[in-house]
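Chemist: Sharing a structure below in structure tokens format, with a few things to ask.
Protein chains: 2
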Amino acid sequence: MFFSINPTNGLAIFDQIVRQVKFAVASGTLMPGDMVPSVRELAKELAVNPNTVVRAYRDLTNEGILEAVRGTGLNVTEDAVAHCEKERLGLLRERVRHVLVEAHSSRLETSEIRELVEEELTRLERAAKGKRGKKGADS
Amino acid sequence: MFFSINPTNGLAIFDQIVRQVKFAVASGTLMPGDMVPSVRELAKELAVNPNTVVRAYRDLTNEGILEAVRGTGLNVTEDAVAHCEKERLGLLRERVRHVLVEAHSSRLETSEIRELVEEELTRLERAAKGKRGKKGADS
DNA sequence: CGAAGTGTTCTATCGTGATAGAACACTAAA
DNA sequence: TTTAGTGTTCTATCACGATAGAACACTTCG
């Protein structure tokens with residue numbers, strides 16, 4: 003499915019859900035009118051408490067990204083796309099910055115930091131490529 | 003001084019202290035026989051509860067990086083250098099990886115991620131340079 | 001109608017990081 | 001010896017994220 007939880011992320015579970023919904027909207031994976039998984043369903047899939055999903059969906063609703071259709075579910079609003087596209091880079095940038103600041107303040111040379119990032123980036127690409135070719139055509 | 007706390011880091015305060023001590027040892031800023039700031043002094047400097055510093059120093063002592071000289075203070079052990087040098091890259095790598103994974107799973111192209119990192123890296127360099135030239139020669 | 005599915009709102013409990021304040025054993029220096 | 005500074009070890013309390021379980025209003029479908 004769309005979402006996955008990483009417990010060692012440094013981010014709260016509800017925050018990871020919020021961000022992933024936003025990213026999905028920004029990238030077109032989730033479009034206006036689409037319905038997100040129900041509270042109970044997503045909670046089951048992520049092996050997480052329903053209240054944690056409620057918290058995430060509540061935040062998203064308050065931000066105007068989701069809207070409730072009572073008795074039916076939550077769907078992505080029209081405004082969501084612009085909102086999420088605008089926010090996505092900022093959200094990622096903030097995390098990137100924190101890590102780089104720590105690396106820099108640990109007296110790592112800029113070149114060493116760049117090398118470290120490059121290593122992990124290529125490793126990530128390899129993993130993604132391997133996954134694509136693993137079982138059945140995905141495209 | 004050596005240490006600084008970032009509240010929006012995603013890392014617990016005690017963990018930030020632990021990491022910064024390790025990084026300082028790995029980079030030679032802190033050498034075997036050097037004494038770390040006293041619990042109460044560091045707590046005051048960081049505007050943090052003494053128990054939080056105790057927690058950090060306890061972890062470091064249990065890992066063999068610091069040793070207590072009762073009534074005097076805590077100093078860096080001989081083994082610390084090897085231990086911290088070996089650990090430093092791994093600690094940073096883990097955080098880098100988490101961020102890159104999130105960026106990648108947000109459907110950002112590798113090139114876009116690289117660009118984002120590069121932007122923040124140069125910004126970091128500019129800031130460091132600005133600070134150096136700000137007040138009195140540092141070199 | 002009734003059953004099953006939505007979101008929503010409660011209360012209670014738990015773990016953890018952090019704070020607050022106190023006490024203890026020890027050592028160095030006046 | 002006294003004083004002031006070490007680390008160490010308690011107990012309590014708080015905030016917050018997460019869990020657990022329940023109830024409510026609503027809509028869809030048989």
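Each protein sequence line maps, in turn, to chains Z and U. Under the numbering used here, the first residue of the first sequence carries the number 3, and numbering increases by one thereafter. Under the numbering used here, the first residue of the second sequence carries the number 3, and numbering increases by one thereafter. For each residue, glycine too, the CB sits at the ideal point set by N, CA and C.
So, helix, strand or coil for residue 92 of chain Z, using DSSP?
Modeler: Position 90 of the first sequence, counted from the start, is the residue given in the question as residue 92 of chain Z. Helix.
Chemist: Residues in the same chain with beta-carbon distance under 7 Å from residue 50 of chain U, minus the five sequence neighbours each way, listed in chain order, please.
Modeler: Taking the second sequence and counting its residues from 1, the one referred to as residue 50 of chain U is at position 48. Counting only Cβ-Cβ distances below 7 Å, and skipping sequence neighbours, we find 7 and 15.
Chemist: Give the interface partners of residue 117 of chain Z over in chain U, defined as CB-CB distance under 8 Å, in chain order.
Modeler: Walking along the first sequence from the start, residue 117 of chain Z turns up at place 115. In chain order: nothing, as chain U lies at least about 10 Å away.
Chemist: Does the beta carbon of residue 58 of chain Z sit closer than 8 Å to a beta carbon anywhere in chain U?
Modeler: Looking up residue 58 of chain Z in the first sequence gives position 56. Output row for residue 58 of chain Z: interface = no.
Chemist: Residues of chain Z with a CB under 9 Å from the CB of residue 31 of chain U: which are they?
Modeler: Stepping through the second sequence from its first residue, residue 31 of chain U is reached at position 29. Per Cβ cutoff of 9 Å: 109.
Chemist: Just the Cα atoms here: how many angstroms apart are residue 140 of chain Z and residue 131 of chain Z?
Modeler: The residue given as residue 140 of chain Z occupies position 138 in the first sequence. The residue given as residue 131 of chain Z occupies position 129 in the first sequence. Only weak support is given to the placement of residue 140 of chain Z: the predicted model assigns it a pLDDT of 38, under 50, and the value that follows is read from those uncertain coordinates. Roughly 12 Å separates the two Cα atoms.
Chemist: Shortest alpha-carbon distance to residue 92 of chain U belongs to which of Z:31, Z:119 and Z:40?
Modeler: Numbered from 1 along the second sequence, position 90 holds the residue referred to as residue 92 of chain U. Answer by Cα proximity: Z:119.
Chemist: Would you mind stating whether residue 98 of chain Z and residue 101 of chain U have Cβ atoms separated by less than 8 Å?
Modeler: Working through the first sequence from its first residue, we reach residue 98 of chain Z at position 96. Working through the second sequence from its first residue, we reach residue 101 of chain U at position 99. Yes.
Chemist: For chain U, find out if any of its Cβ atoms is closer than 8 Å to the Cβ of residue 13 of chain Z; answer yes or no.
Modeler: Along the first sequence, one-based indexing puts residue 13 of chain Z at 11. Yes, contact with chain U.
Chemist: Using the Cβ count rule (16 or more neighbours within 10 Å means buried), how would you classify residue 10 of chain Z?
Modeler: Position 8 of the first sequence, counting from 1, holds the residue named residue 10 of chain Z. Label assigned to residue 10 of chain Z: exposed.
Chemist: Could you spell out the range, first to last residue, of the alpha helix (DSSP H) harbouring residue 56 of chain U?
Modeler: The residue labelled residue 56 of chain U in the question sits at position 54 within the second sequence. Looking at the DSSP string, the run of the alpha helix (DSSP H) that includes residue 56 of chain U is 52–64.
Chemist: Provide the residue span of the alpha helix (DSSP H) that contains residue 43 of chain Z, from first to last.
Modeler: Locating residue 43 of chain Z in the first sequence gives position 41, counting from the first residue. Residue 43 of chain Z -> alpha helix (DSSP H) spans 41–48.
Chemist: I think residue 41 of chain U touches residue 34 of chain U, with their Cβ atoms under 8 Å apart; what is that distance to the nearest whole Å?
Modeler: Sequence index remark: in the second sequence, residue 41 of chain U carries index 39 (1-based). Sequence index remark: in the second sequence, residue 34 of chain U carries index 32 (1-based). 20 Å between Cβ atoms; not a contact.
Chemist: Among residues of its own chain, excluding the 5 on either side of residue 21 of chain U, which ones have a beta-carbon nearer than 7 Å to its beta-carbon?
Modeler: As a working note, residue 21 of chain U is residue 19 in the second sequence. So the list reads 93, once near-sequence residues are dropped.
Chemist: Of all the residues that make up the stretch 88–112 of chain Z, which are near chain U by a beta-carbon distance shorter than 9 Å?
Modeler: Cβ contacts with chain U come from 90, 91, 93, 94, 95, 96, 97, 98, 99, 100, 101, 102, 103, 104, 105, 106, 107, 108, 109, 110 and 112.
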